[in-house]
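Engineer: This is the structure, below, for whatever I ask next.
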Amino acid sequence: MHWIIIIILTASAEVSINITPDYTFDTELECQTYIVENYDDLNANVNEEYNQHPSTPNLYRCVRGGTSG
124 MHWIIIIILT
134 ASAEVSINIT
144 PDYTFDTELE
154 CQTYIVENYD
164 DLNANVNEEY
174 NQHPSTPNLY
184 RCVRGGTSG
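For the sequence shown, the residue numbers in our numbering are 124 to 192.
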């Protein structure tokens, strides 16, 4: 079982959720810690990718992504 990040866009009507396989973690705690420690960079990248205002705060959640490997 591994954990992935789900990104919930808060300002875009066109795209409301993005499930990214770019980041996978062995535990929920590792996933949550990564989000907390890297929030600013994650948020800046998401806002740029979806043409949202740079100050838009998005939501990030960790969910189980199934079995790994």
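Beta carbons are placed, not taken as given, at the ideal position from N, Cα and C, and that holds for glycine. These numbers come from a predicted model, not from an experiment.
Distance check for L182 and I131, CA to CA, integer angstroms please.
Structural biologist: What you label residue 131 is simply residue 8 of the sequence shown in a count that begins at 1. What you label residue 182 is simply residue 59 of the sequence shown in a count that begins at 1. Taking the straight line from one Cα to the other gives about 5 Å.
Engineer: Please classify N170 as buried or exposed, where buried requires at least 16 other C-beta atoms within 10 Å of its C-beta.
Structural biologist: Residue mapping note: residue 170 aligns to position 47 of the sequence shown, counting from 1. N170 should be labelled buried.
Engineer: Measure the C-alpha to C-alpha separation of P144 and D164 and round it to an integer number of angstroms.
Structural biologist: Taking the first residue of the sequence shown as 1, we reach residue 144 at position 21. Taking the first residue of the sequence shown as 1, we reach residue 164 at position 41. Roughly 17 Å separates the two Cα atoms.
Engineer: Per the DSSP calculation, C185 is bridged to which residue(s)?
Structural biologist: Sequence index remark: in the sequence shown, residue 185 carries index 62 (1-based). Partner(s): I128.
Engineer: Around the Cβ of N174, are there at least 16 other Cβ atoms within 10 angstroms (buried) or fewer (exposed)?
Structural biologist: Stepping through the sequence shown from its first residue, residue 174 is reached at position 51. When all chains shown are included, N174 counts as exposed.
Engineer: Let's test the definition: count the other Cβ atoms within 10 Å of the Cβ of N168 and tell me whether it reaches 16, buried, or not, exposed.
Structural biologist: Reading the sequence shown from its first residue, position 45 is the one you call residue 168. So N168 ends up on the exposed side.
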